[in-house]
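A short write-up of the structure that comes next.
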Amino acid sequence: MAQVALKNIVARYGSFLAVDHVSLTIESGQFVTLLGPSGCGKSSTLRIVAGLLQPDEGAVEFDGRNVTAVSAAKRNIGMVFQSLALFPHMTVTDNVAFGLRMKKMPQADIENQVRRMLQIVRLDHLADRYPAQMSGGQQQRVALARALAVTPSILILDEPFGALDRKLREAMQVELHALTRQLGITALFVTHDQEEALMLSDSIAVMNKGRVEQFGTPAEIYRAPRTEFVADFMGMTNFLPGEVVDSDSSSAKVRVGSAVFSTSVKDTIAPGEAVKLAIRPEKVMIGHLSAADMCFLEGHIRQITYHGNASRYVVDLPDGGSIIALQQQSPEASLAVGSNVRAHWSPEDIHLFRA
Ligand code: ADP
Ligand code: MG
Numbered sequence: 001m002a003q004v005a006l007k008n009i010v011a012r013y014g015s016f017l018a019v020d021h022v023s024l025t026i027e028s029g030q031f032v033t034l035l036g037p038s039g040c041g042k043s044s045t046l047r048i049v050a051g052l053l054q055p056d057e058g059a060v061e062f063d064g065r066n067v068t069a070v071s072a073a074k075r076n077i078g079m080v081f082q083s084l085a086l087f088p089h090m091t092v093t094d095n096v097a098f099g100l101r102m103k104k105m106p107q108a109d110i111e112n113q114v115r116r117m118l119q120i121v122r123l124d125h126l127a128d129r130y131p132a133q134m135s136g137g138q139q140q141r142v143a144l145a146r147a148l149a150v151t152p153s154i155l156i157l158d159e160p161f162g163a164l165d166r167k168l169r170e171a172m173q174v175e176l177h178a179l180t181r182q183l184g185i186t187a188l189f190v191t192h193d194q195e196e197a198l199m200l201s202d203s204i205a206v207m208n209k210g211r212v213e214q215f216g217t218p219a220e221i222y223r224a225p226r227t228e229f230v231a232d233f234m235g236m237t238n239f240l241p242g243e244v245v246d247s248d249s250s251s252a253k254v255r256v257g258s259a260v261f262s263t264s265v266k267d268t269i270a271p272g273e274a275v276k277l278a279i280r281p282e283k284v285m286i287g288h289l290s291a292a293d294m295c296f297l298e299g300h301i302r303q304i305t306y307h308g309n310a311s312r313y314v315v316d317l318p319d320g321g322s323i324i325a326l327q328q329q330s331p332e333a334s335l336a337v338g339s340n341v342r343a344h345w346s347p348e349d350i351h352l353f354r355a
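The letter at position 163 of the sequence shown is residue 163 when you use UniProt numbering, and the numbering goes up by one with no holes.
As structure tokens, this is what we get:
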């Protein structure tokens, strides 16, 4: 398994900038995910790693060796895509053996390797089946076994579970997580699903419009988003407009409507600057009262929806905005639609961004 580095990669389609100066290092044995909305340049970046797309600028390095000009076939990459590329006229065994035959591996070694791969993905009992005789999840495991059989420098996966139903997708995620860690595989994974990225990855690169907005561990990305885009993409749906009224290098006082909140900041934001406060819905509580050290805004409940493990409240604020709260408990009788309430949260749950 190799360390893979992207150095200042730029890729254009005509005049359209699809990948905009992306630099990223995937350490040997690490599982890294490109996460972002459709069209942000994830697949293009992946194709550049694979050698299927030539960048206009920048370099791709495997273990410090520049492979930018090396063809896809010579990069030794295992690939799994959403649209399966299994050979329909070949059995499972022949599908998995394909890359090894291309490499002219001795027949006895091919048989051993195929058996080992099918054991790893728990399909050894279906070795003689054809793709059409298997479920979507089983086919995707064959694709994984085929990609791993060649002992690739890096395994790349482009939304591999996108076509599977939710339950199967979750089972495959758990399986892929266990498998990559067990085998110490270097992997580059692409998804637009933040939960999938959080669950699978050692590190996540959040992409927006061809750029990496933040690269960090799942906990860093989730707890400390550095930009409004990352915060929004990672589920912070409450954005309140505010203005800094006082600040120093570690804290700021922010006015939101008629309320003023204090919160910690990483760098000074000058008084007078327009900001947005982001607060995760699960950090917002709803009640008639709030503790003295909590931030709160008063409003009235417009909507309550029940989500099995949580209740979701939409509270309309007097200035026309609204705030969403997600609570683990079932709704209390006194918190009905129309009730005047305090939406409240702890100051440390505020994330501040320049507007
Ligand atoms: P993602 O995988 O994040 O959805 P892609 O890398 O596939 O994004 O595409 C990034 C952008 O480049 C999109 O706007 C897409 O429409 C455009 N694009 C992708 N492939 C081509 C192509 N072959 N020709 C022209 N534009 C393309
Ligand atoms: Mg894509």
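Glycine included, C-beta positions come from ideal geometry on N, C-alpha and C.
From the DSSP output, read off the bridge partner residues of residue i.
i, result
"residue 157", "80 and 189"
"residue 31", "187"
"residue 64", "None; residue 64 has no bridge partner."
"residue 173", "Looking at the DSSP assignment, residue 173 forms no beta bridge with any residue, so it has no partner."
"residue 7", "59"
"residue 343", "286 and 297"
"residue 167", "Paired residue(s): none; residue 167 is not in a bridge."
If you follow the beta strand (DSSP E) that residue i is part of, which residue opens it and which one closes it?
i, result
"residue 327", "322–327"
"residue 285", "285–287"
"residue 316", "311–316"
"residue 26", "16–26"
"residue 103", "That residue, residue 103, is in no beta strand (DSSP E); it is neither H nor E in DSSP."
"residue 354", "351–354"
"residue 303", "295–306"
"residue 274", "274–279"
Buried or exposed for residue i, going by 16 or more other Cβ atoms inside 10 Å?
i, result
"residue 361", "It is not possible to answer for residue 361, since the shown part of the chain is limited to 1 through 355."
"residue 41", "buried"
"residue 30", "buried"
"residue 318", "exposed"
"residue 305", "exposed"
"residue 13", "exposed"
"residue 113", "buried"
"residue 276", "buried"
"residue 248", "exposed"
"residue 2", "buried"
"residue 109", "exposed"
"residue 55", "buried"
"residue 189", "buried"
"residue 217", "exposed"
"residue 196", "buried"
"residue 99", "buried"
"residue 327", "buried"
"residue 69", "exposed"
"residue 289", "exposed"
"residue 149", "buried"
"residue 122", "exposed"
"residue 315", "buried"
"residue 250", "exposed"
"residue 169", "buried"
"residue 78", "buried"
"residue 22", "buried"
"residue 351", "buried"
"residue 37", "exposed"
Assuming residue i contacts residue j under a Cβ cut-off of 8 Å, what Cβ separation, rounded to an integer in Å, is found between them?
i, j, result
"residue 88", "residue 59", "That belief does not hold up - the Cβ atoms of residue 88 and residue 59 are roughly 38 Å apart, past 8 Å."
"residue 172", "residue 194", "About 17 Å separates the two Cβ atoms, so there is no contact after all."
"residue 252", "residue 263", "6 Å"
"residue 207", "residue 34", "6 Å"
"residue 225", "residue 231", "4 Å"
"residue 159", "residue 191", "6 Å"
"residue 333", "residue 301", "In fact, because the Cβ distance is near 13 Å, the residues do not count as touching under 8 Å."
"residue 28", "residue 186", "6 Å"
"residue 46", "residue 221", "Actually they are not in contact, since the Cβ atoms of residue 46 and residue 221 sit about 19 Å apart, beyond 8 Å."
"residue 299", "residue 343", "6 Å"
"residue 80", "residue 49", "Incorrect: roughly 14 Å between the Cβ atoms, too far for contact."
"residue 130", "residue 91", "6 Å"
"residue 311", "residue 329", "7 Å"
"residue 210", "residue 18", "6 Å"
"residue 297", "residue 265", "So it is not a contact: roughly 20 Å between Cβ atoms."
"residue 278", "residue 353", "7 Å"
How is the alpha helix (DSSP H) around residue i delimited, first residue to last?
i, result
"residue 75", "Careful: residue 75 lies outside any alpha helix (DSSP H) and carries neither H nor E."
"residue 87", "That residue, residue 87, is in no alpha helix (DSSP H); it is neither H nor E in DSSP."
"residue 50", "42–50"
Residue ranges of each beta strand (DSSP E) within the segment 107–163, 3 or longer | 154–158
Whole runs of the beta strand (DSSP E) within the segment 182–270, excluding any shorter than 3 residues | 187–191, 203–208, 211–216, 238–247, 251–256 and 259–264
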